[in-house]
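If you read the sequence shown in the working numbering, its first letter stands for residue 9, the second for the next number, and so on.
Cβ coordinates follow ideal geometry from the N, Cα and C atoms, glycine included.
None of these values were measured; they are calculated from a predicted model.
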Amino acid sequence: MLKNFFKKLIDSSFYIIALGGCTFIGLSGVSQNIDLLVFDSLNTKFPKKYLFDSPSVVVGISEKDIEKYGWPIDDKYLLETIQKLDEAESSSIVLDLYRNVGVGNGAKSLAEYSRSNKKVISIFNVAEGISSIPEYPLNRMAFNDMPIDTDNVVRRDLVGVDRKKYNLSEEFVSVPMRMIEINQFINKKKFDLEDKFYKKEIPLIKNFSGGYTNVDANGFQIFINYPEKKYIPIYSLHEILEDKISQEKLRNKMIVIGATAPSLKDVFAVPSSRFETDSQNLLISGAEIHAHRANQLLALQNNSSIKIKTINPFIELIGIIFYVCLISIFIEKTKKINIGLIVVLSSLIFLSLFVYFAFISGYWIEFALPVIGVISFSSVSWLRKAADQQKQKALMQKLLGQTTSPEVAEELWNQKDSLLENGRFPGTELPVTILFSDTVSFSSVSENMNPTELLDWLNRGMEKFVKIISENGGMVNKFTGDGFLAVFGAPVKKTYEQSSNEALKTAIEIRNAIEEIKADLEDEGLPLIKLRIGIHSGKIITGSMGGSEKIEYALIGDSVNVAARLESLKKDNMKNNCRILVSKESLNYANSTKYKLEEWGPCKVKGRESLVEVFEII
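If you want it as structure tokens, here you go:
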């Protein structure tokens with residue numbers, strides 16, 4: 009009982025270690041990195057499509073603009089650009105450039121014009137402590153802070169902060185939210201998007217949403233639905249200033265003026281950046297990201313955008329535990345490792361398809377942790393089974409020794425799952441043929457030899473006999489001092505025909521072996537080896553007998569006794585150096601026409617009331 013307790017304790021400790029490893033991988037961020045990679049892959053493979061033209065436009069400061077106007081851009085050029093956009097009846101204009109300190113001769117004019125124009129939005133940055141244009145109206149200010157994941161990819165949109173909760177003033181509104189607010193104010197439409205976030209009508213990101221395991225989810229955050237490339241029109245500053253873009257392309261558009269030149273470093277990685285081969289498209293500008301955010305929010309307000317949702321983290325955790333436990337239990341119950349491997353691979357394929365279909369339906373669910381969990385717990389189970397198999401193999405060798413042929417040993421191992429129960433051979437009834445042998449006149453021989461000489465003499469024959477038995481598919485079950493008990497048809501089941509033919513063939517080859525060593529023994533002045541063999545076929549009970557300290561493979565039944573009695577029948581009746589007596593039961597199954605037989609007739613054997621018909625192979 010104590011041994012079983014410690015075994016269970018050790019087994020459970022393996023699973024505790026696997027659980028601890030999974031927990032560590034989850035909390036350390038490894039699983040999050042894998043899940044984010046899956047998220048990016050699915051986003052890139054299946055970009056979101058809008059059924060309307062982009063309501064946002066980017067006016068970017070390109071490399072050509074820097075070459076033409078210098079850097080930093082004089083505010084007079086920005087002022088002229090804003091005026092042209094205003095003339096084109098753009099609905100809102102974001103100056104995504106820090107102008108807490110003006111640049112050039114046009115600084116004062118830009119500040120004054122921006123403050124007075126109800127379309128123009130001035131940015132500030134909370135994290136970096138950068139303010140907006142001085143004395144700017146609070147209701148046209150916006151923060152351009154963006155949450156960036158640990159791998160420097162922009163996937164989340166901080167659409168706003170809970171101003172009510174933290175008693176914040178009116179300027180604490182994100183750039184895209186302010187863009188839509190101004191756009192709808194200019195177009196005399198109701199702005200209710202902010203209310204939707206307060207009322208939680210739009211699903212928000214939480215700390216453990218989807219594949220996230222450690223993310224700052226403060227404020228109102230949603231996933232950014234990046235559409236197909238080149239969805240947002242991007243025009244250069246000089247194209248606006250030189251009237252190369254028609255006013256029609258700018259009318260009623262939300263405009264973002266910002267840096268797009270790579271040399272200005274206002275660029276960010278997005279999900280598609282990981283899989284982009286064109287170096288020109290690896291990163292996109294902050295201005296373009298603001299435009300994407302505004303488009304998505306406008307679509308959400310109109311209920312025309314697919315929301316990327318996540319499942320409640322607690323419910324998702326329960327689902328992961330159930331999935332991992334279900335597969336682990338199946339692996340535990342499956343005895344064959346190859347079947348378990350197929351189950352694991354099938355479950356992972358199913359999980360992959362489930363994650364895929366969930367994503368295209370608008371749900372991002374965790375992928376890495378259940379995969380790691382299944383692999384970890386399955387590996388523990390396989391390692392345990394491998395260890396158990398080694399124990400079973402050692403036990404089988406202990407029970408059967410070296411007395412079986414390689415073929416029989418291999419077959420035993422292949423059938424171990426059906427032959428062994430809890431590391432033991434269960435009681436089984438088998439049709440077998442028993443070969444029982446004893447050395448003739450062993451007592452008189454032993455009187456004339458010392459123990460070492462006697463044992464060497466005996467092994468001269470036994471070494472050959474055991475080899476012959478194993479080569480013919482039999483197994484030496486035990487040595488009986490100067491004899492042995494061999495069985496054909498156990499522990500691997502055979503037909504009577506197979507076992508009896510194998511036994512008779514073995515007996516003849518043993519006789520031949522005795523004749524082969526006869527001359528050598530005579531030359532050495534040693535006594536000849538003489539055997540009596542009894543062979544009988546019938547059913548016996550086989551199985552493990554004994555305790556943990558001493559255990560053996562036992563053969564129990566009348567057939568064993570009959571074979572032993574045939575061997576000892578009329579001991580003095582010896583016509584050659586190896587007498588072989590066979591029961592009629594064995595001859596009936598064997599191909600007896602191959603052998604020359606002498607009938608002994610019905611004989612009385614000890615321990616049996618009925619007579620046994622006996623034949624000698626001569």
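Quick check: the Cα distance between residue 616 and residue 598, rounded to an integer number of angstroms?
23 Å
Euclidean distance between Cα positions of residue 608 and residue 391
59 Å
Just checking my contact of residue 510 with residue 482 at CB under 8 Å: how many whole Å lie between their CB atoms?
6 Å
Option nearest residue 375 by Cα separation, candidates 247, 444, 227 and 359:
359
Under 9 Å, do residue 68 and residue 319 count as touching if we go by C-beta distance?
no
With a threshold of 8 Å (Cβ to nearest heavy atom), would residue 41 be considered close to the ligand GTP?
By its list of ligands, the structure shown contains no ligand whatsoever, and the ligand GTP lies outside what it can speak to.
Taking the beta strand (DSSP E) that residue 485 falls in, what are its first and last residues?
483 to 487
contact_flag[the segment 118 to 131, the segment 180 to 198] where n(CB pairs < 8 Å) is 3 or more
yes
Residue 609 lies in the beta strand (DSSP E); which residues open and close that run?
605 to 611
Three-state secondary structure (DSSP) at residue 446?
strand
What beta strand (DSSP E) runs, 3 residues minimum, are completely inside the segment 128 to 210?
128 to 132, 149 to 151 and 164 to 168
Alpha carbon to alpha carbon, how far is residue 496 from residue 624?
19 Å
Contact between the segment 99 to 110 and the segment 134 to 141 is defined here as three or more beta-carbon pairs at a separation below 8 Å; is this criterion met?
yes
Contact between the segment 219 to 228 and the segment 169 to 183 is defined here as three or more beta-carbon pairs at a separation below 8 Å; is this criterion met?
yes
Assigned secondary structure, residue 624 (DSSP; H/G/I helix, E/B strand, else coil)
strand
Among 224, 250, 174 and 155, which one has its Cα closest to the Cα of residue 232?
155
Residue 122 versus 157, 145 and 573, residue with shortest Cα-Cα distance:
145
Once you ignore the five residues that flank residue 419 on each side, which residues in its own chain have a CB closer than 8 Å to its CB?
Bear in mind that a pLDDT of 47 at residue 419, under 50, signals an unreliable position, so the model cannot answer this.
Under the three-state reduction of DSSP, which class applies to residue 470: helix, strand or coil?
helix
Would you say residue 518 and residue 586 are within 9 Å of each other, going by their C-beta atoms?
yes
Below 8 Å on the Cβ atoms is my contact criterion, and I expect residue 542 with residue 589 to pass it. Report the Cβ-Cβ distance as a whole number of Å.
5 Å
Starting from the C-beta of residue 386, find all residues in its chain whose C-beta is less than 6 Å away, skip the five residues before and the five after it, and write them out in chain order.
339 and 352
Measure the beta-carbon distance from residue 89 to residue 323 and round it to whole angstroms, keeping in mind my assumption that it falls under 8 Å.
Going by Cβ atoms, the distance from residue 89 to residue 323 rounds to 50 Å, so no, they are not a contact pair.
Rounded C-alpha distance that separates residue 157 from residue 177
27 Å
Counting C-beta neighbours from all protein chains within 10 Å, is the total for residue 584 16 or more, i.e. buried, or is it exposed?
exposed
Taking the Cβ atom as the reference point for each residue, do residue 567 and residue 548 lie within a distance shorter than 9 Å?
yes
Check whether the Cβ atoms of residue 300 and residue 64 sit closer than 9 Å, and answer yes or no.
yes
Residue span of the alpha helix (DSSP H) that contains residue 494, given as start and end
Note, residue 494: premise wrong, no alpha helix (DSSP H); beta strand (DSSP E) at 492 to 496.
By DSSP's criteria, residue 562 is part of a beta bridge. Which residues make up the other side?
551
Which one of 331, 474 and 489 has the shortest CA to CA distance from residue 450?
489
Pull up the CB-CB distance for residue 264 and residue 298, whole angstroms please, since I reckon it's below 8 Å.
5 Å
Going by Cα to Cα distance, which pick from 538, 281, 382 and 574 is closest to residue 30?
382
Hey, is the segment 93 to 106 in contact with the segment 254 to 273, meaning 3+ C-beta pairs nearer than 8 Å?
yes
Return the chain-ordered list of same chain residues with a C-beta closer than 6 Å to the C-beta of residue 10, the five sequence neighbours on each side being excluded.
Low confidence applies here, because residue 10 scores a pLDDT of 40, under 50, leaving its location unreliable; read the following figure in that light. Here the set comprises nothing.
Beta strand (DSSP E) segment containing residue 124, residue limits
Note, residue 124: premise wrong, no beta strand (DSSP E); alpha helix (DSSP H) at 115 to 124.
Specify, as a first and last residue, the run of the beta strand (DSSP E) that residue 327 falls within.
From DSSP, residue 327 is part of no beta strand (DSSP E) but of the alpha helix (DSSP H) over 321 to 341.
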